[in-house]
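Input: a single structure, listed below in structure tokens.
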Amino acid sequence: MILTLVQHKDGIIDEVSLELLTLAKQLNQKLSTKIASVILGDNTEALSKLLSQKAIDEVITISAPELKTYSPDTYAFALTKLIREKNPKAFLFSHTPLGCDITPKLAASLGVGAIASCNGVEFEGINPIFIRSVYNGKLQAKVALNSTPLLLTVERGAFKKDEETGNAPTTAFACDFSGIKSRYKSLRFYEAQKASVDITKAKIIVSGGRGLGKKENFELIKNLAEILGGEYAASRPVVDNEWTERDRQVGSSGKIVSPNLYIACGISGAIQHMAGMKKSNVIVAINKDSEAPIFSIATYGIVGDLFKVLPVMIEELKKLKN
Ligand SMILES: Cc1cc2nc3c(=O)[nH]c(=O)nc-3n(C[C@H](O)[C@H](O)[C@H](O)COP(=O)(O)OP(=O)(O)OC[C@H]3O[C@@H](n4cnc5c(N)ncnc54)[C@H](O)[C@@H]3O)c2cc1C
């Protein structure tokens, strides 16, 4: 069995949990087992109904007042018990604060290894080799685990959201917390200051780099993004120069995005930038240097001056829209 932990808040499933299902299904092509999503909470009924519409084998709920809010003590207790009873081949967590907190705790209590921040998988025979960024995105490390269950945290945006629908049965997993005293008490939630935009959710991104030359020219990027109904984004030098907001930086020290369409304009394709956008479905690169590394991952490349190419694209798209 491959287990995935469902993250949720206020009755809404975090989409990152659906990205885990995509990795689970890739693993399952080799591990040939079953996939179950695990929901913890004080009242999991509505969430389990939502999850049961996914193409998985089972939804496992662990419902208890002790699980109303996250506590490493109660969560680790419930999940360790579940792992001991179900003996899964893998348990996947999102690389969120919760996932980063609970995964090493489980690994330590089970005496197994864990891989943090996984963003890809490949196989040697049937053995999965996980890929994770190291040295701030400069290198990709390939890591194998020789213990089971495979415990992983998975980067947000590294895998597409699983869209397959199905009809999965729900099983309640009983857990008696009477001997467990949580050392943590959640007092209240504070809303994080809202970012101006969440580019990780955008389907279309037009991104500008240092090739734009100066702040005023960034308007071209905004115009193209607007006409395509997408978001605009940037490489780090553009953000460092304050041509646009920091929330919009793509890359290893910015956001990891995987839109349907990513248009990189005047971006050379440094490894730190590509770490943040290489999973995009279609990548269009516009650069006057035909040797620019960005072309190595581009689906379509335009070797040319962006100040000539972008106005034509904007005009043609306007005509199409009208
Ligand atoms: C620890 C660390 C973390 C980092 N994190 C990030 C990160 O998260 N995101 C990120 O983006 N970078 C990051 N960087 C920086 C990264 O190494 C690069 O310096 C940066 O990505 C380069 O940005 P750029 O492609 O916009 O600029 P450049 O590399 O200067 O490229 C500009 C490109 O524009 C092209 N160009 C110029 N004029 C035109 C024109 N008129 N028409 C068409 N093309 C033109 C040029 O040919 C060139 O390829 C990080 C670096 C470090 C050390």
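Those letters in the sequence shown? Residues 18 to 339, by the working numbering.
Glycine included, C-beta positions come from ideal geometry on N, C-alpha and C.
Expected contact under 8 angstroms - CB spacing of residue i and residue j to nearest Å
| i | j | result |
| --- | --- | --- |
| F190 | I77 | 5 angstroms |
| P326 | I303 | A small fix is needed here, since residue 326 is Val in this sequence, not Pro. The pair is a contact, with the Cβ atoms about 5 angstroms apart (cut-off 8 angstroms). |
| S65 | I56 | 6 angstroms |
| K178 | L44 | Incorrect: roughly 17 angstroms between the Cβ atoms, too far for contact. |
| W260 | A250 | Not confirmed; about 12 angstroms, so no contact. |
| L337 | G228 | Actually they do not touch by this definition, with Cβ atoms about 26 angstroms apart. |
| L241 | I284 | The pair is not a contact, with the Cβ atoms about 14 angstroms apart (cut-off 8 angstroms). |
Simplified DSSP state of residue i, which is helix, strand or coil
| i | result |
| --- | --- |
| Q289 | helix |
| I284 | coil |
| L20 | strand |
| A185 | coil |
| C192 | coil |
| N163 | coil |
| G268 | coil |
| T91 | helix |
| A309 | coil |
| Q46 | helix |
| R173 | coil |
| E248 | strand |
| E332 | helix |
Cβ-based burial, residue i [other Cβ within 10 Å; buried from 16]
| i | result |
| --- | --- |
| S80 | buried |
| V267 | buried |
| I226 | One point to set straight first is that residue 226 is Gly, not Ile, in the sequence displayed. G226 comes out buried. |
| K26 | exposed |
| F147 | buried |
| K272 | buried |
| L20 | buried |
| S269 | buried |
| S297 | buried |
| K295 | buried |
| N104 | exposed |
| I29 | exposed |
| S111 | buried |
Spatial distance of residue i from residue j (CA atoms)
| i | j | result |
| --- | --- | --- |
| Y207 | Y317 | 44 angstroms |
| V129 | V255 | 43 angstroms |
| L22 | I143 | 23 angstroms |
| P114 | A315 | 33 angstroms |
| K231 | S88 | 48 angstroms |
| K335 | M18 | 51 angstroms |
| K122 | Y92 | 10 angstroms |
| N234 | F140 | 45 angstroms |
| E333 | E236 | 17 angstroms |
| E62 | K305 | 56 angstroms |
| V138 | P145 | 6 angstroms |
| L99 | A124 | 14 angstroms |
| N184 | G293 | 34 angstroms |
| S150 | C135 | 8 angstroms |
Check whether residue i and residue j have beta carbons under 8 angstroms apart
| i | j | result |
| --- | --- | --- |
| E248 | I216 | yes |
| L245 | V223 | yes |
| I197 | V160 | no |
| P276 | K239 | no |
| D74 | A107 | no |
| A41 | T182 | no |
| V301 | R265 | no |
| S307 | V320 | yes |
| S199 | D90 | yes |
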